[in-house]
Amino acid sequence: GTGEPEGTGEPEGTGEPEGTGEPEGTGEPEGTVEPEGTGEPEGTGEPEGTVEPEGTGEPEDTGEPEETEEPENTTATLPVDTPVPAPSNGTGVIENESVSSGALSENGMVGEPHFPAGVLCAWEQLESAADCLDDDPIQPGSQFLPPCTYGAVKTVQICAVAAGGSAAPEMVVADIASPDGSPFSRVNLTRQDYGVDALNAASMAGLVTCAHGVSLNETVRALDEGGAAVYAGELDLLFSQSPGDYNVTVQALTGEGEPAGQPLASVFTYLPIASFEIDFAAVDYGVVEPGEDTWIEGDTDFGTTERPTVRNTGNMPIRIIVAQDNMGLDVPVSYMARLGSSGTTIAFGAMEEVTLPDVLPVNETASLSLALRVPSGGEGTPSGRLQISCIPLTGEQ
406 GTGEPEGTGE PEGTGEPEGT GEPEGTGEPE GTVEPEGTGE PEGTGEPEGT VEPEGTGEPE
466 DTGEPEETEE PENTTATLPV DTPVPAPSNG TGVIENESVS SGALSENGMV GEPHFPAGVL
526 CAWEQLESAA DCLDDDPIQP GSQFLPPCTY GAVKTVQICA VAAGGSAAPE MVVADIASPD
586 GSPFSRVNLT RQDYGVDALN AASMAGLVTC AHGVSLNETV RALDEGGAAV YAGELDLLFS
646 QSPGDYNVTV QALTGEGEPA GQPLASVFTY LPIASFEIDF AAVDYGVVEP GEDTWIEGDT
706 DFGTTERPTV RNTGNMPIRI IVAQDNMGLD VPVSYMARLG SSGTTIAFGA MEEVTLPDVL
766 PVNETASLSL ALRVPSGGEG TPSGRLQISC IPLTGEQ
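Below, the structure is given as structure tokens:
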């Protein structure tokens, strides 16, 4: 008799835990942590009201506005008596920003553009040619799915807009920390030819984190006037890389390697998913003796189609689920299955779905052994379908 497994090892529903909010079949377990505040930059705020010295009367009108201290991260001062323009609610415009009609040079005069040295904003995305810049366009922030292919990597682009004062900085680096807080990787970001269009696309996707006191409009103006540039580098995430929030710290550097301005922190999420693959398309039991168990032993050599093998292609530990029909016989057929050479053997009947108790860890391969028993009286050549799927191992299990 033969048992033909459905599909290529990608189970229906892919074994993802319920309640993730992801479309059916994404394999994300419940409780995925969404990064906070990754998409909307903080407002710069207006400087608090000017306090007049005690005991003074109305100041004499000299015809010239008083000089006030320039608020941090603004590009020009406004006269005290000049009303601040109302913020626009247009697409991509950040409220509470402080703007002026001209850019100041270092000596305070209108002329050569000058922007605060440092990282103005940062984000993480897929390749710009992709249909979506991340794998969850509904939720704010950058979220990426593993490739669900054994040995494959997911490439993520780390992007930033950085300024160096009157010119773009020479070097920008990004340090990435794993969800457990340990250092994961350092990526050198190189200057790119693209600018405002890339920033606008990332902003529309809700991916951009702006530095404190810096607005999106100010960043766009810095790119337009040549005081800043877009920098980018690539980070490869292995298919089995731990899921969770990865913290990214981007820092602009001078030619001597000294920090230019304050670093900017952002975050992206590597989504959890349960996934596996098998190396066989059929199980050939050969000649089956009535009333006896006929075993097909698996092995750990992926690619030997006559010896069933299963391996974990996701980034979560999983348990394997099996189900088998009655092989086209009118008698009650029974089955057994076991994961691994020393795993627990589970018996089950036709059309019964059972979960094997042994766990298949991340990036691991195991044998899958199967047995068939046909009672006396069964005639014909048994042939049916074997269904294999998986569920993620969660903290409660």
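Each position in the sequence shown, counted from 1, maps to that position plus 405 in the working numbering.
Note that beta-carbon positions come from the ideal geometry of N, C-alpha and C, so glycine has one too.
Handout entry: Cβ pair Tyr675, Gly638 closer than 8 Å
Key = Judged by their CB atoms, Tyr675 and Gly638 are not nearer to each other than the 8 Å cut-off.
Practice task
Report the three-state DSSP secondary structure of Met609 (helix, strand or coil).
Solution key: helix
Exercise for the section: Let me know the secondary structure DSSP gives Arg790 once reduced to three states. Expected result: strand
Practice task
Would you kindly work out how many angstroms separate the C-alpha atoms of Ile725 and Asp541, rounded to a whole number?
Solution key: 27 Å
Handout entry: Candidates Val693, Gln729 and Leu669: closest to Ser781 by CA position
Key = Val693
Practice task
Report all residues from its chain with a CB closer than 6 Å to the CB of Pro490; omit the five preceding and five following residues, and keep chain order.
Solution key: For Pro490, the predicted structure reports a pLDDT of 42, less than 50, and the residue's modelled location is therefore unreliable. The matter cannot be settled from this model.
Handout entry: 3 or more residues per run - each beta strand (DSSP E) lying fully within the region 719 to 764
Key = 723 to 729, 739 to 744 and 751 to 754
Exercise for the section: For Thr387, collect the residues of the same chain with a Cβ closer than 7 Å to its Cβ; drop the 5 residues on either side in sequence, then sort them by chain order. Expected result: Outside the modelled stretch of the chain, which goes from 406 to 802, sits residue 387, for which no answer is possible.
Exercise for the section: Give every residue of the same chain whose Cβ lies closer than 7 Å to the Cβ of Ser645, excluding the five residues on either side of it in the sequence, and list them in chain order. Expected result: Asn720, Val767 and Asn768
Problem - Cβ-Cβ distance between Leu669 and Thr624 below 8 Å - result: Going by C-beta atoms, Leu669 is not nearer than 8 Å to Thr624.
Handout entry: Backbone secondary structure at Gly614 - three-state DSSP
Key = Correcting the residue identity first, residue 614 is Thr in this sequence and not Gly. Strand.
Handout entry: Terminal residues of the alpha helix (DSSP H) in which Val625 lies
Key = Leu621 to Asp629
Handout entry: CB-CB length for Ala527 against Val653, believed under 8 Å
Key = 7 Å
Practice task
Determine the extent of the beta strand (DSSP E) in which Tyr675 is found, giving its start and end residues.
Solution key: Leu669 to Tyr675
Exercise for the section: Consult DSSP for Gly782 and reduce its assignment to one of helix, strand or coil. Expected result: coil
Practice task
Scan the region 558 to 592 and note each continuous beta strand (DSSP E) run of 3 residues or more that stays entirely inside, going in chain order.
Solution key: 558 to 568 and 576 to 582
Practice task
Would you kindly work out how many angstroms separate the C-alpha atoms of Pro664 and Leu628, rounded to a whole number?
Solution key: 21 Å
Handout entry: Where the beta strand (DSSP E) through Leu640 begins and ends
Key = Run containing Leu640: Ala633 to Leu643, per the beta strand (DSSP E) assignment.
Practice task
Please list, in chain order, all residues of the same chain as Asp730 whose beta carbon is under 7 Å from its beta carbon, the five residues on each side excluded.
Solution key: Ala755, Met756, Gly789 and Arg790
Exercise for the section: Below 7 Å CB to CB, which residues in the same chain sit around Pro428 once its five sequence neighbours on both sides are set aside? Expected result: With a pLDDT of 37 at Pro428, under the threshold of 50, the predicted position of this residue should be treated as unreliable, though the coordinate-derived value follows. Nothing meets the Cβ criterion.
Exercise for the section: Rounded to whole angstroms, what's the CA-CA distance from Ala634 to Gly586? Just pull it up for me. Expected result: 30 Å
Problem - Rounded distance between the beta-carbons of Val577 and Leu594, thought under 8 Å - result: 4 Å
Practice task
Taking the CB atoms as reference points, tell me whether Met741 and Ala776 lie closer together than 8 Å.
Solution key: yes
Practice task
Output the distance between the C-alpha atoms of Ser794 and Gly708, rounded to the nearest integer angstrom.
Solution key: 19 Å
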